[in-house]
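See structure below.
Residue numbers (the numbering used here), protein chains in the order written: chain A, 1 to 414; chain B, 415 to 1323.
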């Protein structure tokens, strides 16, 4: 039996998130105070050596991102920004919501430390519009932090200033993509931008910007508190630390579970999820959401980490685990996934705009055929590969993930 | 600016020299590597939408869109290989799957060209089923000038970016998302949006989704007879047009890309206002008034009559009983010969034109203070200066393309101060809008200077080194403006003192500030003083004498600048050389091959003075070329009496106008599209005008008519075979144009001064010295003088007048275009909603507007664009001629009339 190990959710459920005093009594904001006594390069070195990887799904080293943002401009008079990507929209994913609803202050703390490290004085939390409880908790937490002068000018008498503002998204999946999010933050329509330049160089309003996922920020106070060595001792060498997994689907006990990386899918499903519903057999797990991969039994015992899963042809992504029993039709699930992409494609670039529609043309044809769908799987793969290499942003590059994984693990069940 | 480093890159093994950071796709195109692309356009930021320009770059993983890559030294690029070509074909096949193939020829279809290239034109060669039918797009046909067909739209963003980045209007966007997205204007329909019809989007559309309505059914792009590059006949921006001609008819007007001043940009008039050239109302035969009626005549009869009448009057009443109005719409060559005609054949300096009615006061003040009446900067500088002060200039409507540069600058952080008693569209972009009461400009500017001086924001170095009498002159100004404290200035002008202070600081502190000053400043009895005050502020802050700083009066008509440059003035010869000086007379007499004693050294009369002299019976004959005083002159009732009092009036024009009924002979002349020549625009750029179509009927080129009249009067004013020869003589006469000839301005105009053949022209004036006798600028401190014209119980409103985007001058040309009429064709008077209620009017009702001078009928429009107590009317409409109301009180220095300020009352009709 495995058990939970909580870092991001360390305080979740332990205090009333609408009362900052309770948070302070748990030692809240002590890590910010500590960080403000360090110099910024010490903080960044600590994050780098902790090997914290971005929890939004791509797993990019968080410390390096901070370093790039810090060093892109040395002139302290240049405005830099810190942005939290709280536009959690990946199907099956609800980890950030839990953090924001139950421990909004850990996010603020993480952002403060990172802002100090990169030299940002203005921050934004871009939160998914449908997350009304998260919005409410963040609004309260920000207000109370300002009231306690934990935000604003001269924080902890250190001379460090930081303002954080909440921005509410308007229901576009694509706005969870970091460059599109920045575009939307600027008040523009959510279209993806050309990359490079990366946000570290030219981000929000053209200025150097650090943008991280909620869960990533939530790890930073812990690393400051316990040090990089301790953090690295948790999890695996490719992905140290913990991860919140959100388990849903045909499972007895769906929910969110934070535990050390290195855990296996089988452990997550059986120990936390208490097995497949109705004693059915497992058919597949969709790992990482719509922009994720279907995996079969052969991946069940792989210790989970960004790189270890990649070697198996799977992605960790956001940590969404959608469990499908033997009764499910993967064709129908893929159909839903691809319809989702068509619906969310912004239409800016040709391969994605038309490709997501052409994939549905193929799916509809295959649906009517029922037999010999395999040739359609080959066609889907061909189109999705073209889309992956020629699309502008991650959305058009995503359909290849579920399609290729079905081709790899479930060719016969299509 | 730092000069970009020269680098080498390789594309498909070909070594190419370029500059560091250049756009890779553009570099490829410039070097003949034809990488396919649809969404890219060199004047827009790269979009990366069409994905056709894929390349591979050594060291960069995956496929890279070349439009989004900046060239770096040593870059090794593969532009063509099998994988890239297959990817491109795949993308094109996709595009064709959402595209309506129907093609009928009135536009270039770049998608179709690429489909041909990749053998996909035949639908049988395509791999993907067409999904466009299911999208149920509707065509938006509501705009007067264009149609949008979403089935042909490839969603490349070029129209949106053209509207945003080039024109600064931000009207277009996508509705819906993904595969179902389509372009909308404003919230939906084109005619309900803020689209003002500039057509930038049409010019940029690569597939014919946006097509102009005008002549849509007549054009086949493969079948155009000729394309003629020329200069726009409307305002003084001098936009370069390419006229498409089919069967001797202009069927399209496009902006010429890559050439200044407009770099492809046009406004609604320049793009859609050319149909007047082919109007059935064009004059095609000389007309002689016989027994009160005009009858067609031969040229011989008309010219002989004119010659004999002019000679008779000259002999009977003397040279100074004759006068001529030249035209800001005609070419330099026409105007040059016209003034030469008046000076040699009439033997008088009674030559003037409408500039007297627009920028005479500006020019008077500028000549006295800095020695030149022309704009000190270039039009494109409006995009790069740090601060712009726009005063009395409704630039978005009157100089739309100049305004696009302002908006470009604004989006890059330029500070913009707009000063205008009436709201203008530029206010939307302004950091500060100063709304002074009509006629209080001097007080406002003195107030700003008081702030600048008391906060020590002056530039002492500049005052010491470049201002005549330096600190001493400054002290005089300082003493004069001291009483204009923010409080007092607010009291006089009604502008809140906080705004006065803020505007003063922004203008003075900015690294570079430019001033655009328009009719609102100049058309007052205090016009010259207004501009003196403006120049004073500019001088004490050192905001001139460096690049991107100075004063620029945008010129209202295509060739106002040029007509004075070539001598259509009662006091100067071509090149601003005073006529009163004997040496000058000798010099010009030699060039003209006449006896210098025959040239009058007596200053002639100005426009309004000529009318007054006619009223008094002193001017007996008037020769008008392309002017319409019966609509343009102040106090038209007075003007009408004066014109009726003439013994002989000749009007040479392309249409019958409000003035032609009073003529004895009407001569059919040439439009801009029927002749060779040059115009000079607002930034002193000498631009070519080229013949595109033949003259209608028996109409003749203006310069030829002038020469014929001279001949029949027994004078030779020159033997020319073409316009180029006339220009060469202009270059000889006007030293500032000495280095310019047609061969040098074939591709792009040159800005005077250009004294020698190898001189590149001058983009900024006064960098080293001013054009005054001692090279220094002069301060001319001026006091605020309250206006004599005041609102009274009987006339409780002060009427302001001005122009609108869709019409031009007396609308003789613009109202002959359906496209422009569809946008605006009705006179109105704006009244503040508070006054509408107070005086018991209702919006849109018909009213009479009455002044001491006269009255007219129009429609009342309730609008907070004007302050309480003030009215505004556009003056283009002959059925409601504003100048029936205006006064002919003149500015004592420049003799400009007070068009902007007339006490009126309004009555229900």
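Beta carbons are placed, not taken as given, at the ideal position from N, Cα and C, and that holds for glycine.
Inset, instruction - Tell me whether residue 258 (chain A) sits in a helix, a strand or coil according to DSSP, three-state version. - result: Stepping through the first chain from its first residue, residue 258 (chain A) is reached at position 258. Here residue 258 (chain A) sits in strand by DSSP.
Legend entry - Straight-line Cα distance separating residue 694 (chain B) from residue 769 (chain B): Along the second chain, read from residue 1 onward, the residue named residue 769 (chain B) stands at position 355. Along the second chain, read from residue 1 onward, the residue named residue 694 (chain B) stands at position 280. So the alpha carbons of these two residues sit roughly 30 Å apart.
Legend entry - Whole-number beta carbon distance between residue 1095 (chain B) and residue 928 (chain B), since they are thought to touch under 8 Å: Reading the second chain from its first residue, position 514 is the one you call residue 928 (chain B). Reading the second chain from its first residue, position 681 is the one you call residue 1095 (chain B). In fact, because the Cβ distance is near 17 Å, the residues do not count as touching under 8 Å.
Inset, instruction - Decide yes or no for the touch test of the region 656-673 of chain B against the region 1192-1205 of chain B: beta carbon pairs closer than 8 Å, at least 3 of them. - result: no
Inset, instruction - Using only alpha-carbon positions, find the residue among B:784, B:944, B:668 and B:700 that is nearest to residue 682 (chain B). - result: Along the second chain, one-based indexing puts residue 682 (chain B) at 268. Of B:784, B:944, B:668 and B:700, the residue nearest in Cα terms is B:668.
Inset, instruction - Please look up how many angstroms separate the CB atoms of residue 440 (chain B) and residue 456 (chain B), rounded, as I've assumed it's under 8 Å. - result: Indexing the second chain from 1 puts residue 440 (chain B) at position 26. Indexing the second chain from 1 puts residue 456 (chain B) at position 42. Confirmed, Cβ separation roughly 6 Å.
Inset, instruction - Note down, in chain order, each residue of its chain lying with its Cβ closer than 6 Å to the Cβ of residue 55 (chain A), except the 5 sequence neighbours on either side. - result: Counting from 1 along the first chain, the entry for residue 55 (chain A) is found at position 55. Cβ within range, chain order: 213, 215 and 216.
Inset, instruction - Could you check what DSSP says for residue 422 (chain B) in three-state terms: helix, strand or coil? - result: Working through the second chain from its first residue, we reach residue 422 (chain B) at position 8. DSSP places residue 422 (chain B) in strand when its eight states are reduced to three.
Legend entry - CA-to-CA distance, residue 116 (chain A) to residue 160 (chain A), given in whole angstroms: Here residue 160 (chain A) refers to the residue found at position 160 of the first chain. Here residue 116 (chain A) refers to the residue found at position 116 of the first chain. Approximately 7 Å, taken between the alpha carbons.
Inset, instruction - Count the C-beta pairs between the region 218-237 of chain A and the region 87-95 of chain A that are closer than 8 Å, then say yes if the count reaches three, no if not. - result: no
Inset, instruction - Report the partner residues of residue 833 (chain B) according to the DSSP bridge assignment. - result: As a first step, residue 833 (chain B) must be located in the second chain, where it is residue number 419. Answer is B:805 and B:848, bridged to residue 833 (chain B).
Legend entry - Inter-residue spacing [alpha-carbon to alpha-carbon] between residue 1287 (chain B) and residue 205 (chain A): For the purposes of this step, residue 1287 (chain B) is taken as residue 873 along the second chain, with counting starting at 1. For the purposes of this step, residue 205 (chain A) is taken as residue 205 along the first chain, with counting starting at 1. Each residue's Cα considered, the two are about 42 Å apart.
Legend entry - residue 900 (chain B), enclosing alpha helix (DSSP H) - first and last residue: Position 486 of the second chain, counting from 1, holds the residue named residue 900 (chain B). Taken as a continuous stretch (DSSP letters only), the alpha helix (DSSP H) holding residue 900 (chain B) covers 900-907.
Inset, instruction - Using a Cβ cut-off of 7 Å, pull out every chain A residue sitting near residue 591 (chain B), in sequence order please. - result: Walking along the second chain from the start, residue 591 (chain B) turns up at place 177. Going along chain A in sequence order, the residues near residue 591 (chain B) (Cβ under 7 Å) are 346 and 347.
Legend entry - Check: residue 1002 (chain B) C-beta below 7 Å from any heavy atom of the ligand GTP: The ligand GTP is not part of the structure shown, which contains no ligands of any sort.
Inset, instruction - Pull up the distance between the alpha-carbon of residue 1261 (chain B) and that of residue 793 (chain B), whole angstroms please. - result: Translated into positions along the second chain, residue 1261 (chain B) becomes position 847. Translated into positions along the second chain, residue 793 (chain B) becomes position 379. Each residue's alpha carbon lies about 40 Å from the other.
Legend entry - C-beta atoms of residue 427 (chain A) and residue 125 (chain A) nearer than 8 Å: The structure shown does not extend to residue 427 (chain A), since chain A spans only 1 to 414, so no value can be given for it.
Legend entry - Element boundaries [beta strand (DSSP E), containing residue 528 (chain B)]: Residue numbering aside, residue 528 (chain B) sits at position 114 when the second chain is read from its first letter. No beta strand (DSSP E) holds residue 528 (chain B); the alpha helix (DSSP H) holding it covers 524-531.
Inset, instruction - Just tell me which of B:914, B:466 and B:937 has its CA closest to the CA of residue 778 (chain B). - result: Your numbering for residue 778 (chain B) matches position 364 in the second chain. If we check each option's Cα against that of residue 778 (chain B), B:937 comes out closest.
Inset, instruction - Might you give, ordered along the chain, the residues of its own chain that have their beta carbon closer than 6 Å to the beta carbon of residue 1186 (chain B), omitting 5 neighbours on each side? - result: Against the second chain, residue 1186 (chain B) aligns to sequence position 772. These residues qualify, in order along the chain: 785.
Legend entry - Cross-strand partners of residue 738 (chain B) (DSSP beta bridge): Here the question's residue 738 (chain B) lines up with position 324 in the second chain. Answer is B:765 and B:1037, bridged to residue 738 (chain B).
Inset, instruction - Confirm, please, whether the CB-CB distance from residue 857 (chain B) to residue 1198 (chain B) is below 8 Å. - result: In the second chain, residue 1198 (chain B) corresponds to position 784, counting from 1. In the second chain, residue 857 (chain B) corresponds to position 443, counting from 1. Cβ atoms of residue 1198 (chain B) and residue 857 (chain B): closer than 8 Å.
Inset, instruction - Consider the Cβ of residue 353 (chain A): report whether some Cβ of chain E lies at a distance smaller than 8 Å. - result: In summary, chain E is missing from the structure at hand, where the protein chains are A and B.
Inset, instruction - Give every residue of the same chain whose Cβ lies closer than 8 Å to the Cβ of residue 1181 (chain B), excluding the five residues on either side of it in the sequence, and list them in chain order. - result: Start at 1 with the first residue of the second chain, and residue 1181 (chain B) comes out as number 767. Closer than 8 Å at Cβ, skipping near neighbours: 959, 960 and 961.
Legend entry - Beta-carbon neighbours of residue 342 (chain A), restricted to chain B and to distances below 8 Å: The residue you call residue 342 (chain A) lines up with position 342 of the first chain. Under the 8 Å cutoff, chain B gives 592 and 593.
Legend entry - Candidates B:1048, B:1322 and B:1266, of which the one nearest residue 1304 (chain B) by Cα: Your numbering for residue 1304 (chain B) matches position 890 in the second chain. For the residues B:1048, B:1322 and B:1266, the minimum Cα distance to residue 1304 (chain B) belongs to B:1048.
Inset, instruction - Could you pull the start and end residues of the alpha helix (DSSP H) that residue 402 (chain A) belongs to? - result: For the purposes of this step, residue 402 (chain A) is taken as the residue at position 402 of the first chain. Taken as a continuous stretch (DSSP letters only), the alpha helix (DSSP H) holding residue 402 (chain A) covers 400-409.
Legend entry - Residues that residue 468 (chain B) contacts on chain A, provided the C-beta gap is smaller than 8 Å: Within the second chain, residue 468 (chain B) is the residue found at index 54, counting from 1. The answer, in chain order, is 390.
Inset, instruction - Compare the C-alpha of residue 1012 (chain B) against each of B:1161, B:679, B:1000 and B:1018 and name the closest. - result: Here residue 1012 (chain B) corresponds to residue number 598 of the second chain, with the count starting at 1. Residue 1012 (chain B) has its Cα closest to that of B:1000, out of B:1161, B:679, B:1000 and B:1018.
Inset, instruction - Express the C-alpha separation of residue 950 (chain B) and residue 884 (chain B) in angstroms, rounding to a whole number. - result: Looking up residue 884 (chain B) in the second chain gives position 470. Looking up residue 950 (chain B) in the second chain gives position 536. Distance between the alpha carbons of residue 884 (chain B) and residue 950 (chain B) is about 12 Å.
Legend entry - residue 479 (chain B), DSSP secondary structure in three states: Position 65 of the second chain holds residue 479 (chain B). Looking at residue 479 (chain B) - three-state DSSP - the assignment turns out to be strand.
Legend entry - 8 Å Cβ cutoff met for residue 264 (chain A) and residue 303 (chain A): Locating residue 264 (chain A) in the first chain gives position 264, where the first residue counts as 1. Locating residue 303 (chain A) in the first chain gives position 303, where the first residue counts as 1. A contact, by the Cβ cut-off of 8 Å.
Inset, instruction - Please state whether DSSP places residue 335 (chain A) in a helix, a strand or coil. - result: Locating residue 335 (chain A) in the first chain gives position 335, counting from the first residue. Helix.
Legend entry - Under 8 Å (Cβ pairs) to chain A, residues found in the region 499-510 of chain B: 501, 504, 505, 508 and 509
Inset, instruction - Would you identify the three-state DSSP class for residue 1045 (chain B), choosing helix, strand or coil? - result: If you number the second chain from 1, residue 1045 (chain B) lands on position 631. In the structure shown, residue 1045 (chain B) sits in a helix (DSSP, three-state: H, G or I).
Inset, instruction - Thinking residue 15 (chain A) and residue 22 (chain A) are a contact (beta carbons under 8 Å), I'd like their distance in whole angstroms, please. - result: As a position in the first chain, residue 15 (chain A) is number 15, starting the count at 1. As a position in the first chain, residue 22 (chain A) is number 22, starting the count at 1. Going by Cβ atoms, the distance from residue 15 (chain A) to residue 22 (chain A) rounds to 4 Å, so yes, they are a contact pair.
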